[in-house]
Amino acid sequence: AAEVVERGLTSSSSSSSSRGGGGEGPCRQGGGGASELLRAATLALAKFSCVSRSFCEGHLALLVTTLASSSKCGDVAARVNAAVALSDLAARQPNSVEPWTDHVYAALGDPDVRVRGNVLAAVSRVALNDLVKLKGAGVASLARLVVDSEPRLRRAAKAFFADLHRKATAKYSPVYNLLPDVVSRLAAGDAAVFEKVVAFLLTFVNDKDKHVDLLAEKLVHRIAALRADDDSAVASRNLAFALSKLAVNDKFVRNLAALFPHYKHALADDTTAALFAKILAKATHLRDSRGDEDFADVLQDWTNKLYDAGVGRGDDHSRGSVLPPGGAKKKNNKEQQSRRRKESLRRKETCLRGKESLASRTATRTTRKPPPRTARSEKTTTQKRRSGSGDNDDDDADFFDHESITIDKENHRGSMLA
Numbered sequence: 001a002a003e004v005v006e007r008g009l010t011s012s013s014s015s016s017s018s019r020g021g022g023g024e025g026p027c028r029q030g031g032g033g034a035s036e037l038l039r040a041a042t043l044a045l046a047k048f049s050c051v052s053r054s055f056c057e058g059h060l061a062l063l064v065t066t067l068a069s070s071s072k073c074g075d076v077a078a079r080v081n082a083a084v085a086l087s088d089l090a091a092r093q094p095n096s097v098e099p100w101t102d103h104v105y106a107a108l109g110d111p112d113v114r115v116r117g118n119v120l121a122a123v124s125r126v127a128l129n130d131l132v133k134l135k136g137a138g139v140a141s142l143a144r145l146v147v148d149s150e151p152r153l154r155r156a157a158k159a160f161f162a163d164l165h166r167k168a169t170a171k172y173s174p175v176y177n178l179l180p181d182v183v184s185r186l187a188a189g190d191a192a193v194f195e196k197v198v199a200f201l202l203t204f205v206n207d208k209d210k211h212v213d214l215l216a217e218k219l220v221h222r223i224a225a226l227r228a229d230d231d232s233a234v235a236s237r238n239l240a241f242a243l244s245k246l247a248v249n250d251k252f253v254r255n256l257a258a259l260f261p262h263y264k265h266a267l268a269d270d271t272t273a274a275l276f277a278k279i280l281a282k283a284t285h286l287r288d289s290r291g292d293e294d295f296a297d298v299l300q301d302w303t304n305k306l307y308d309a310g311v312g313r314g315d316d317h318s319r320g321s322v323l324p325p326g327g328a329k330k331k332n333n334k335e336q337q338s339r340r341r342k343e344s345l346r347r348k349e350t351c352l353r354g355k356e357s358l359a360s361r362t363a364t365r366t367t368r369k370p371p372p373r374t375a376r377s378e379k380t381t382t383q384k385r386r387s388g389s390g391d392n393d394d395d396d397a398d399f400f401d402h403e404s405i406t407i408d409k410e411n412h413r414g415s416m417l418a
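Its first residue numbered 1, the sequence shown is counted upward by one per residue in my numbering.
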């Protein structure tokens, strides 16, 4: 089987390099029995490799070469068989397949949609089961399938990243770990592809502020490492687009303000400046919703630096709406005055409520009922009313006078009877 596969690859290579270009190698599409023989030999080679590690290590290169031979071999079925075989081998012989993963990922760019689909299924199977670690250029090739021309492949690629995100924990995010490689490898390419891929992947990262802050710092350092040429300008725009798609928070703004010298040179490009203006607009909205004076001071300082670098100047509205330093300071002063007026009104209301409470307590004391009267006090009051004089304060004298009056009346009644 190995000899058949090797002979088929060699003959197809020699036939494709001939002057006429019409060789009848065994890999040629429609090659009849030769193509069927190559397919059968590929399957046999894969089955023997699954049961024997030594055989796998000795002949794995033939399977990988068959999978990567799209420019040499026109037999799609043979490449599909090789993709399925490598998926099974990764489950049975993972240590042997690990060094060849970059070549497997390269097949994700195969011109035939059937090969791309089978390779994607194979990679999804081994990656989600932690049989092979995703790394290198293959991650970018996998991410490109998110914008593939075939709708089924686009859905399958998005489903793969969604399943990968479900493996995330409170401290670990597999999609976040892949993003730096994806961004760095796609940044210098087509802007439309980059924007769609990165915008989709960032939806799995924006829910954690820690990952957003770390990713923003990495992106800024990538911008700082770029040279001042045309290719770097494209990469700077793409990296600035990735920054503009991140969720803005307090630490994110503080990091961008502190790292301003690292990306100051990139602001000379109008597109990059417009993207930073969008970030500044988000930060301004965050400041208005929070009302934190310390954060407002940091944002004002960053606004001044961006304005001095040319962000927000001129009549070009595409660069975003950025307040000039004086206008921003004036707005901040108005907000501070408004807060002071509200605080003064609140204190006055508190003072008025305190006075009203004091007045109510005083009124309660004045309307309090007098203490109950005793029997002696009632008798004294009655005597005062009878005598017609309220100036005599001698209670004992009144009492004896009353007794003498009573005795005289009794004597007078007795004399009359006599």
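Note that the Cβ used here is the ideal one computed from N, Cα and C, for glycine as well.
Check, Outcome
"Terminal residues of the alpha helix (DSSP H) in which W302 lies", "E293 to D308"
"Counted within 10 angstroms of its Cβ, other Cβ atoms place V322 as buried (16 or more) or exposed", "Annotation note: pLDDT 45 at V322 (below 50); position unreliable, no value reported."
"Contact under 9 Å by Cβ, R223 with A247", "For the record, residue 223 in the displayed sequence is Ile; it is not Arg. For I223 and A247, no; Cβs fall outside 9 Å."
"Cβ contact check for the stretch 77-91 and the stretch 101-120: 3 or more pairs under 8 Å", "yes"
"Nearest to A140 (by Cα), restricted to the options R185, G291 and K245", "R185"
"Limits of the unbroken alpha helix (DSSP H) element including P151", "P151 to H165"
"Contact under 9 Å by Cβ, A83 with V113", "no"
"Top-ranked residue by Cα proximity to K251, from N238, A296, K264 and L226", "A296"
"Three-state secondary structure assigned by DSSP to R227", "coil"
"Contacting residues, own chain, Cβ-Cβ under 6 Å from Y176 (five flanking each side not counted)", "V205 and H211"
"Cβ-Cβ separation, L214 to L179 (assumed contact under 8 Å), whole Å", "Contact flag wrong, Cβ pair sits at about 10 Å."
"CA-to-CA distance, A225 to T284, given in whole angstroms", "28 Å"
"Extent of the continuous alpha helix (DSSP H) to which Y263 belongs", "F260 to Y263"
"Residue from S360, R53, R155 and L45 whose Cα sits closest to the Cα of L63", "L45"
"Closest residue to S232 among S244, N304, A122 and A268 (Cα-Cα distance)", "A268"
"Span separating the alpha-carbon of C56 from that of A274", "54 Å"
"L108 vs L142 beta-carbon contact at 9 Å", "yes"
"Distance, L280 Cα to T303 Cα", "8 Å"
"Closest by C-alpha distance to S69, when choosing among A40, S52, G58 and P111", "P111"
"Three-state secondary structure assigned by DSSP to D102", "helix"
"As assigned by DSSP and simplified to three states, the class of P111", "coil"
"Candidates R154, N129, K264 and D288, of which the one nearest L306 by Cα", "K264"
"Check whether V193 and H262 have beta carbons under 9 Å apart", "no"
"Contact under 9 Å by Cβ, V234 with A277", "no"
"Spatial distance of L38 from R125 (CA atoms)", "26 Å"
"Beta-carbon spacing of L67, V119 below 9 Å", "yes"
"Contact set for V76: own chain, Cβ-Cβ below 7 Å, skip 5 residues either direction", "D112, R114 and V115"
"Proximity to K167 [Cα-Cα], best of A127, K135 and E36", "A127"
"Continuous alpha helix (DSSP H) stretch holding K278: start and end", "D270 to R290"
"Chain-order list of residues whose beta-carbon lies under 6 Å from that of F48 (same chain, five-residue window excluded)", "F55"
"Bounding residues of the alpha helix (DSSP H) (the contiguous stretch that carries S87)", "V76 to R92"
"Own chain, CB closer than 7 Å to A187, minus 5 neighbours either side, in chain order", "F194, A235, N238 and L239"
"Residue of N129, V80, G58 and T65 minimising C-alpha distance to S96", "G58"
"Three-state secondary structure (DSSP) of V212", "helix"
"Cut-off 6 Å between Cβ atoms - residues of its own chain near F160, not counting five sequence neighbours on either side", "S124"
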